[in-house]
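Numbering (this note's numbering), first residue to last: 722 to 868. A short write-up of the structure that comes next.
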């Protein structure tokens, strides 16, 4: 084994210390704990164990059942239009991973979205149709789709 070998191990097979480190990191990330000291106390872990393993362990997110897609919209510069796009995606149960809107030029702006879509909930084609029907969306295009 080298220093950079990685292994995927089922969570219930991990030593308890690793699970607690992951839980402490999650508490810090979501704001449920304001400091490392508070996080380790909540999960019952020593600070030394946290610092020893914090950079060596992280959760694996299973994206095998979800597709990540990149979509580009050209939209009119209208108040509330971005909120309407986000509302449409929320109703379709899409998870917005990234969003970037350019400055409007000649009344039009580009919006680039990275979306995580669970095909068991909604089809990408349905999401694209819904986005295209929003008043103020001039064009929409799928740039990339994984899975």
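Backbone N, C-alpha and C define an ideal beta-carbon position, used for all residues, glycine too. Quick caveat: nothing in here was measured; it's all calculated off a predicted structure.
Name the residue from the options whose alpha carbon lies nearest to the alpha carbon of residue i.
i: residue 855; options: 843, 845 and 799; result: 799
i: residue 830; options: 811, 816, 858 and 817; result: 858
i: residue 797; options: 825, 777 and 788; result: 825
i: residue 860; options: 841, 806, 866 and 844; result: 806
i: residue 736; options: 725, 757, 754 and 778; result: 778
i: residue 776; options: 753, 751, 746 and 754; result: 746
If you drop the 5 nearest sequence neighbours on each side, which residues of the same chain put their C-beta closer than 6 Å to that of residue i?
i: residue 819; result: 835
i: residue 741; result: 764 and 766
i: residue 816; result: 837
i: residue 780; result: 743
i: residue 739; result: 778
i: residue 751; result: none
Below 8 Å on the Cβ atoms is my contact criterion, and I expect residue i with residue j to pass it. Report the Cβ-Cβ distance as a whole number of Å.
i: residue 832; j: residue 822; result: 5 Å
i: residue 761; j: residue 771; result: 5 Å
i: residue 813; j: residue 843; result: 5 Å
i: residue 758; j: residue 744; result: Contact doesn't hold; Cβ gap of about 15 Å is too wide.
i: residue 845; j: residue 788; result: 7 Å
What do you get for residue i, buried or exposed, if any count of 16 or more other CB atoms within 10 angstroms of its CB means buried?
i: residue 864; result: exposed
i: residue 790; result: buried
i: residue 794; result: buried
i: residue 804; result: exposed
i: residue 754; result: buried
i: residue 729; result: exposed
What does a CB cutoff of less than 7 Å around residue i pick up in its chain, not counting 5 residues either side in sequence?
i: residue 809; result: 851, 852 and 855
i: residue 784; result: No answer about residue 784 holds up, because its pLDDT of 48 lies below 50 and its placement is not dependable.
i: residue 828; result: 797 and 798
Tell me whether residue i counts as near the ligand FMN, meaning its Cβ is closer than 7 Å to at least one heavy atom of that ligand.
i: residue 800; result: Annotation note on the ligand FMN: not contained in the displayed structure, which lists no ligands.
Return the first residue and the last residue of the beta strand (DSSP E) that residue i is part of.
i: residue 788; result: 788-797
i: residue 865; result: 858-866
i: residue 835; result: 829-838
Ends of the alpha helix (DSSP H) at residue i?
i: residue 748; result: 737-751
i: residue 758; result: 757-764
Counting only the same chain and skipping the five closest in sequence on each side, list residues whose C-beta sits under 8 Å from that of residue i.
i: residue 849; result: 792, 861 and 863
i: residue 847; result: 813
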